[in-house]
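Peer 1: Numbers in the numbering used here are just positions in the sequence shown, counted from 1, shifted up by 17.
My questions all concern the structure below.
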Amino acid sequence: MIPISNQNTKDIIAAVDKLSAGRLQQKNDLEILIEKAIKEDNLIILEELAFNAKYAGSLIRIIQKKEPVNDEAFLKKAVAEYSGSIQKIKNCLTGLLKNDVFLLPIFSDKYLLLSRQCLTNMNGLCNDLGYLKLFFNDLKRGE
18 MIPISNQNTK
28 DIIAAVDKLS
38 AGRLQQKNDL
48 EILIEKAIKE
58 DNLIILEELA
68 FNAKYAGSLI
78 RIIQKKEPVN
88 DEAFLKKAVA
98 EYSGSIQKIK
108 NCLTGLLKND
118 VFLLPIFSDK
128 YLLLSRQCLT
138 NMNGLCNDLG
148 YLKLFFNDLK
158 RGE
């Protein structure tokens with residue numbers, strides 16, 4: 018488990034924002050998720066969320082490129098993996114927020130509905146969570 022439970026959420030966000038070179042898209046929501054995970058000792062779910070978001074972000078870039086090198090079977094597999102990762106992300110989000118009757122509906126409306134805007138929001142959050150994953154990796158290496 019990542020040793021962040023004794024760190025200030027603002028300091029974590031500042032470090033993640035620095036890693037992203039100021040390109041966080043859903044900074045406030047990322048801060049909320051980190052705060053909830055620390056307060057409720059759900060860091061394992063936060064780590065899983067960050068991992069799956071980073072993975073989904075990599076997959077969507079592969080899918081969007083559609084390079085000739087990528088054959089049809091490979092693209093089908095990538096799309097299936099992406100769908101699976103998004104489902105895991107949704108499960109992690111609801112897992113982190115399940116006890117919060119105020120935040121869960123807000124995050125559901127913003128990220129979990131089947132709409133173009135929700136997908137755009139989800140991709141932005143996944144991008145931000147990808148930087149959180151990089152932050153976790155730095156912590157593990159002691160940087």
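Each residue gets a CB set at the ideal place from its N, CA and C atoms; glycine is no exception.
Quick caveat, the model's predicted, so the values are computed rather than measured.
Within this structure, are the beta carbons of Y99 and A73 separated by less than 8 Å?
Peer 2: The residue labelled residue 99 in the question sits at position 82 within the sequence shown. The residue labelled residue 73 in the question sits at position 56 within the sequence shown. Yes. Within cutoff.
Peer 1: Less than 8 Å between the C-beta atoms of L114 and F124, yes or no?
Peer 2: Here the question's residue 114 lines up with position 97 in the sequence shown. Here the question's residue 124 lines up with position 107 in the sequence shown. Yes, the pair counts as a contact, with Cβ atoms nearer than the cut-off.
Peer 1: By DSSP, does F119 sit in helix, in strand, or in coil?
Peer 2: Reading the sequence shown from its first residue, position 102 is the one you call residue 119. F119: coil per DSSP, three-state reduction.
Peer 1: Out of I106, K157, E64, Q81, which has the shortest C-alpha to C-alpha gap to N138?
Peer 2: Here residue 138 refers to the residue found at position 121 when the sequence shown is read from its first residue. Of I106, K157, E64, Q81, the residue nearest in Cα terms is I106.
Peer 1: If I measure Cβ to Cβ from L47 and keep anything under 6 Å in the same chain, skipping five residues before and after, which residues do I get?
Peer 2: Against the sequence shown, residue 47 aligns to sequence position 30. These residues qualify, in order along the chain: D145.
Peer 1: Helix or strand or just coil, what does DSSP make of Q24?
Peer 2: Within the sequence shown, the letter at position 7 stands for residue 24. Note: Q24 maps to coil in three-state DSSP.
Peer 1: Output the distance between the C-alpha atoms of K94 and Q104, rounded to the nearest integer angstrom.
Peer 2: Mapped onto the sequence shown, residue 94 falls at position 77. Mapped onto the sequence shown, residue 104 falls at position 87. Their backbone Cα atoms lie some 15 Å apart in a straight line.
Peer 1: If you follow the alpha helix (DSSP H) that G101 is part of, which residue opens it and which one closes it?
Peer 2: As a working mapping, residue 101 is identified with position 84 in the sequence shown. First-last of the alpha helix (DSSP H) with G101: 89 to 114.
Peer 1: Going by the CB atoms, is the gap between T111 and L121 shorter than 8 Å?
Peer 2: By 1-based counting over the sequence shown, the position of residue 121 is 104. By 1-based counting over the sequence shown, the position of residue 111 is 94. Contact: yes.
Peer 1: Quick check: what's the CA-CA separation for M18 versus I62?
Peer 2: On the sequence shown, residue 18 is found 1 positions in, with the first residue counted as 1. On the sequence shown, residue 62 is found 45 positions in, with the first residue counted as 1. Here the model assigns M18 a pLDDT of 49, short of 50, so the residue's position is not dependable, and the following value carries that caveat. Looking at the two C-alpha atoms, the distance is approximately 10 Å.
Peer 1: Can you give me the Cβ contacts of S102 inside the same chain, cut-off strictly under 6 Å, excluding the 5 residues immediately before and after it?
Peer 2: Here residue 102 is taken as the residue at index 85 of the sequence shown, counted from 1. Taken in chain order, the residues that qualify are N69, Y72, A73.
Peer 1: By the 10 Å Cβ neighbour count, where 16 or more other Cβ atoms means buried, how is R54 classified, buried or exposed?
Peer 2: Locating residue 54 in the sequence shown gives position 37, where the first residue counts as 1. The question names Arg, yet the displayed sequence has Ala at residue 54. A residue is called buried when at least 16 other Cβ atoms come within 10 angstroms of its Cβ; A54 meets this threshold and is buried.
Peer 1: Helix or strand or just coil, what does DSSP make of E57?
Peer 2: By one-based count along the sequence shown, residue 57 stands at place 40. If DSSP states are grouped into helix, strand and coil, E57 belongs with coil.
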